[in-house]
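These protein sequence lines are chains E and X, in that order.
Residues in the first sequence are numbered consecutively from 2, following my numbering.
Residues in the second sequence are numbered consecutively from 438, following my numbering.
For glycine and all other residues, C-beta sits at the position ideal for the given N, C-alpha and C.
Here is the structure we will look at, set down as structure tokens.
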Amino acid sequence: MQRIRLRYTKRGRLRFTSHRDFQRAFERALRRAEVPMAYSAGFTPHPKVSYANAAPTGTGSEAEYLEIALTEHRDPATLRELLDESLPAGLDVTDAVEAHTSGLADRLEASVWEIRLDEVAAAAAQSAVEAFLAEDEVLVERRTKNGMRSFDARAAVLSLQAADCPGDRPDGKACAILRLVVRHATPAVRPDDVLSGLRATADLAPPVPAAVTRLAQGPLDAESGAVTDPLAPDRDAALAAPSTAAGPRAAKAASGASPAAGDGTA
Amino acid sequence: MSESVFPQLEALLPHVQKPIQYVGGELNSTVKPWESCDVRWSLMYPDAYEVGLPNQGVMILYEVLNEQEGVLAERTYSVWPDLEALMREHNVPQFTVDGHRPVSAFDVLGVSFSTELGYTNLLTALDLAGIPLEAKDRTEDHPLILAGGHAAFNPEPIADFLDCAVVGDGEQAVLEITEIIRTWKKEGRPGGRDELLFRLAKTGSVYVPKFYDVEYLTDGRISRVVPNRSGVPWRVSKHTVMDLDEWPYPKQPLVPLAETVHERMSVEIFRGCTRGCRFCQAGMITRPVRERSITGIGEMVDKGLKATGFEEVGLLSLSSADHTEIGDIAKGLADRYEEDKIGLSLPSTRVDAFNIDLANELTRNGRRSGLTFAPEGGSERIRKVINKMVSEEDLIRTVSTAYGNGWRQVKLYFMCGLPTETDEDVLQIGDMAVNVIAEGRKVSGQNDIRCTVSIGGFVPKPHTPFQWAPQLSAEETDARLEKLRDKIRGDKKYGRSIGFRYHDGKPGIVEGLLSRGDRRIGAVIRAVYEDGGRFDGWREHFSYDRWMKAAEATLPEFGVDVAWYTTRERTYEEVLPWDHLDSGLDKDWLWEDWQDALDETEVEDCRWTPCFDCGVCPQLDLDIQIGPTGKKLLPLSVKQPAAGGNAH
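In structure tokens, the structure reads:
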């Protein structure tokens, strides 16, 4: 059995896809692409797919990950193309490697988020960020299955920066961009929670809903604080000791891959 | 006027439930350039996206129209109240999910009504679209509002809100209508909206309510329905597509990202039914029987699965086990897709057409969960009245085989409130369930056998032999079902193995009012809509009191009331509101069949016995079209093992 790890996106209007919606769409794409899936045993067999740490409904993402198990060997790069073609535009498969290590989910230690705040001036965003970062603890509330729950949104935030939106806006309206690095913890601190925190500490209340996109998720480099590519260990392992089945294909896959965060890939 | 409203809509989506249903982009959906087309349709299913998207009728017409050069079709569905409120607040109009264009910008809004309970949703959509609710207030700038679907066989209750209606099969009809619109537009729209409607009406197969006047007697009954313009036919006839193999739609079924009520590759294996169940409007209005060939079915399934990736195939029809080659179809498909773990389902299976070989084929690649049958009536007597032609022995024999082959659960559907029904007829449903469980325990040697009894209230429908019948009142329906419930619960030995599900009688009365209503019911629908009525098919949104209040406010001036429309028995002489819409059935034959029902006389299926003169075939100059063809489903060419995705 071959295991392949994929990176995929939720772009544009398809960011409104819920995780359950994505699962159904992905499993159908596997069928259309005639991928030789391994199935679970039991009364109602399911294709073996494990999803890791999916972004919430309504937020975009450039860095979602999952792993599939195949009964026959496939070249990861070819499979990536085939699946990408089979999925609707916006749900794009951007990277694929053969798994040579365990624990992909555990490697997703932190996320980099971009939060676009339309009609908010960069200066206002900047002062709110400073107020937020000055606190040791920022309590926020979120509705969960068990009712309203209160928790700290500050400790998990590793960095938070505000900037102007790049380029001139055609309508001349202000626009600020927040770049957030947050450690994955329990309860998870999501961009929404940080926005609630900014509202609580600095009264920052964006007039239109924020456009939120996950840019990267992966291992956290302790020294630099950068979020690195979670698929890198598999690529390295493939180069060091190509599996008998994979042969030269694994190396080929690596060339088609893109680093996750850009800054400080291991 | 055709610009996308998506940017405005997008800002609202983070605040609503399940936003994905509003964004479109489904696999196999189509967005054609606006300017490249001269006839533009928006197609609506007037219910939530999750119900409307899988609707076969809309999917077929969407594809048939989009295949045409110079024609585009986009879909629109009812928005939930949370989004409706935001759209009103921010002035976002009713939009299509394909191009997110305002519905008001299209030439036609075609609405498919499977049930009358979608009428208030039509008004919501029109209002959100900025289209006047009543046809008389519309101008050349507004789309034609066109109704289709089974409920359109009596469009009179919504006649005020419609410009036109089509009865019967839509595939060819939409193309004919498209041509008429195209010509009229090309000629520079001579005579305006009225001329276009007149050209449609002249064909004899598009009903334009405004060209007919309804005259009433002093007692409230209709005296006659008469064309008010020369050239308009007295009766409008239904469309019938004869060769289903020529119409293999949908070829590219839509695959949504959002979860919907049916997630499968559906193929209609035949249209029409001549079993002759007297309560069944679908069986009466879709005659004659027209089968799709076994090879045509095989091809549609193959292409459809490749285009969708669905993991289940549904073989649809009104009684799927009645296809002359169903055994070979099921076996052929199960063989072909065994490796791919594709399940097969037959949504409507008659007790007497069930056989264990077929059931085994259907479950070979999937689950063996439960079996569902619809005896419809609890007593032998009432089953004769409704012409169900299923005996209790048939049922026991069938469930015995099923339980003996590993099934553990049987679901049985019944109706309450059938003509001539007494408490005793309904109480016998309990006996039937007990006998089913006793047989199951005996055959399987196990006690964990379940039988679920599900009961709906009977609503008399137009174009059926029961169109004259009195409907049972909500109170009597509820009282009868309570007696049955007490009887089942009181059974110490079997009661716990019987699941009992029923709906109270109130929604059925509203459905009855709308089904057999006339133009005077339009005022009730409008009043309910204005009072906030939406999604009447949904228990959590439906309000009986709202409907009764609206009826009391609007009907007395005509000297009629809800009971007059529902629980009143009609006589032979009465002009029925839908008599000028021709389903092909001879009214005298329907009356004879109604008399046979009262005499408890059964009538056989004309597929296997001589013709009973229901009128459809000679009227439409057609005949039943059934197999067998004698052909078999061959395995598809052997898949290249491992070659496909790995070659390089």
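Closest Cα partner of residue i within the set the options
i                 : options                                        : result
Val-999 (chain X) : X:Val-460, X:Val-750, X:Val-468 and X:Pro-907  : X:Pro-907
Pro-89 (chain E)  : E:Thr-18, E:Glu-136 and E:Val-98               : E:Thr-18
Leu-681 (chain X) : X:Glu-829, X:Glu-608 and X:Ile-659             : X:Glu-608
Arg-33 (chain E)  : X:Gln-689, X:Ala-638, X:Pro-451 and X:Pro-594  : X:Gln-689
Ile-178 (chain E) : E:Pro-57, E:Arg-16, E:Val-94 and E:Ile-116     : E:Ile-116
Ala-137 (chain E) : E:Ala-126, E:His-185, E:Leu-80 and E:Phe-152   : The question names Ala, but residue 137 (chain E) in the sequence shown is Asp. Residue E:Phe-152 is the option with its Cα nearest to Asp-137 (chain E).
Pro-524 (chain X) : X:Arg-878, X:Ser-881, X:Leu-1027 and X:His-452 : Sequence check: residue 524 (chain X) is Met here, not Pro. Comparing Cα-Cα distances from Met-524 (chain X) to each of X:Arg-878, X:Ser-881, X:Leu-1027 and X:His-452, the minimum goes to X:His-452.
Glu-573 (chain X) : X:Leu-565, X:Asp-597 and X:Ala-584             : Correcting the residue type first, residue 573 (chain X) is Lys in the shown sequence and not Glu. Ranking X:Leu-565, X:Asp-597 and X:Ala-584 by Cα distance to Lys-573 (chain X) puts X:Asp-597 first.
Thr-425 (chain X) : X:Met-702, X:Ile-734 and X:Tyr-774             : Residue 425 (chain X) lies beyond the stretch modelled for chain X, which goes from 438 to 1085, so this question has no answer here.
Leu-918 (chain X) : X:Val-643, X:Lys-848 and X:Asp-862             : X:Asp-862
Gly-567 (chain X) : X:Ser-541, X:Ser-785, X:Val-947 and X:Arg-801  : X:Ser-541
Glu-700 (chain X) : X:Arg-658, X:Val-669 and X:Val-750             : X:Val-750
Glu-63 (chain E)  : E:Val-36, E:Gly-91 and E:Thr-72                : E:Gly-91
Asn-591 (chain X) : X:Tyr-653, X:Gly-945 and X:Pro-897             : X:Pro-897
DSSP three-state assignment for residue i, whether helix, strand or coil
i                  : result
Lys-743 (chain X)  : helix
Ser-62 (chain E)   : strand
Ser-660 (chain X)  : strand
Glu-994 (chain X)  : helix
Ile-886 (chain X)  : coil
Met-2 (chain E)    : coil
Ser-439 (chain X)  : coil
Ala-251 (chain E)  : Residue placement at Ala-251 (chain E) is poorly supported in this model, since its pLDDT is 41, which falls under 50; the coordinates still yield a value, given next. Three-state result, Ala-251 (chain E): helix.
Asp-230 (chain E)  : coil
His-676 (chain X)  : strand
Phe-635 (chain X)  : helix
Val-495 (chain X)  : helix
Arg-666 (chain X)  : coil
Gly-949 (chain X)  : helix
Phe-152 (chain E)  : strand
Phe-903 (chain X)  : helix
Val-453 (chain X)  : coil
Met-481 (chain X)  : strand
Asp-165 (chain E)  : strand
Trp-1031 (chain X) : helix
Gln-218 (chain E)  : strand
Ala-189 (chain E)  : coil
Cys-601 (chain X)  : strand
Per DSSP, cross-strand counterpart(s) of residue i
i                  : result
Leu-808 (chain X)  : X:Val-847
Phe-707 (chain X)  : X:Glu-728
Val-738 (chain X)  : For Val-738 (chain X), which the question treats as bridged, DSSP gives no partner whatsoever.
Ile-892 (chain X)  : X:Phe-851 and X:Tyr-939
Gln-1062 (chain X) : X:Arg-727
Val-653 (chain X)  : Just to set this straight, residue 653 (chain X) is Tyr in the shown sequence, not Val. DSSP output for Tyr-653 (chain X) lists X:Ile-659 as bridge partner(s).
Val-195 (chain E)  : None; Val-195 (chain E) has no bridge partner.
Val-750 (chain X)  : X:Met-702 and X:Leu-781
Cys-176 (chain E)  : E:Asp-119
Phe-532 (chain X)  : X:Pro-539
Glu-142 (chain E)  : E:Ser-151
Whole-angstrom C-beta distance between residue j and residue i, which should lie under 8 Å
i                  : j                 : result
Glu-736 (chain X)  : His-760 (chain X) : Not really, about 16 Å apart at Cβ, beyond 8 Å.
Glu-1039 (chain X) : Asn-824 (chain X) : 5 Å
Val-880 (chain X)  : Gly-841 (chain X) : 5 Å
Ala-189 (chain E)  : Leu-109 (chain E) : Wrong, their Cβ atoms sit about 11 Å apart, outside the cutoff.
Gly-630 (chain X)  : Glu-577 (chain X) : First, the residue type needs correcting, since residue 630 (chain X) is Arg and not Gly in the sequence shown. Confirmed, Cβ separation roughly 5 Å.
The ligand SAH heavy atom lying under 7 Å from the CB of residue i
i                 : result
Arg-787 (chain X) : As far as ligands go, the structure on display features none, and thus does not contain the ligand SAH.
Chain A contact for residue i (CB, 8 Å cutoff)
i                 : result
Pro-210 (chain E) : No chain A is present in this structure, whose protein chains are E and X.
Item to complete: Can you give me, in chain order, the residues of the stretch 20–38 of chain E that have a beta carbon less than 8 Å from any beta carbon in chain X?
Response: Look at the stretch 20–38 of chain E: the residues with a C-beta under 8 Å from a C-beta of chain X are Arg-21, Asp-22, Phe-23, Arg-25, Ala-26, Glu-28, Arg-29, Ala-30, Leu-31, Arg-32, Arg-33, Ala-34, Glu-35, Val-36 and Pro-37.
Worksheet item: Looking at chain E, which residues of the stretch 989–1020 of chain X have a Cβ within less than 9 Å of any of its Cβ atoms?
Response: none
Worksheet item: Of the residues that make up the stretch 3–18 of chain E, which ones have a beta carbon closer than 8 Å to any beta carbon in chain X?
Response: Arg-14, Leu-15, Phe-17 and Thr-18
Discussion item. Against chain E, which members of the stretch 937–960 of chain X pass a CB distance test of less than 9 Å?
Written reply: none
Item to complete: Determine which residues of the stretch 448–459 of chain X have a Cβ less than 7 Å from any Cβ of chain E, and write them out in chain order.
Response: Ala-448, Leu-450, Pro-451, Pro-456 and Ile-457
Item to complete: Name, going along the chain, the residues of the stretch 739–753 of chain X whose beta-carbon falls closer than 9 Å to a beta-carbon of chain E.
Response: Leu-742, Lys-743, Ala-744, Thr-745, Gly-746, Phe-747 and Glu-748
Discussion item. Please identify, using Cβ separations under 8 Å, the residues of the stretch 40–59 of chain E that lie next to chain X, in order along the chain.
Written reply: Tyr-40, Phe-44, Thr-45, Pro-46, Thr-58 and Gly-59
Discussion item. Counting only Cβ-Cβ distances shorter than 9 Å, please list the residues of the stretch 87–110 of chain E near chain X, keeping chain order.
Written reply: Ser-87, Leu-88, Pro-89, Ala-90, Gly-91 and Leu-92
Worksheet item: Given a limit of 8 Å on CB to CB distance, which residues of the stretch 687–706 of chain X reach chain E?
Response: Val-692, Leu-694, Ala-695, Glu-696 and Glu-700
Item to complete: Report the residues of the stretch 766–787 of chain X with a CB closer than 8 Å to any CB of chain E, ordered along the chain.
Response: Asp-777 and Lys-778
Practice prompt. Below 7 Å between beta carbons is the criterion; list the residues of the stretch 458–483 of chain X that meet it against any residue of chain E, in chain order.
Written response: Val-460, Gly-462 and Leu-464
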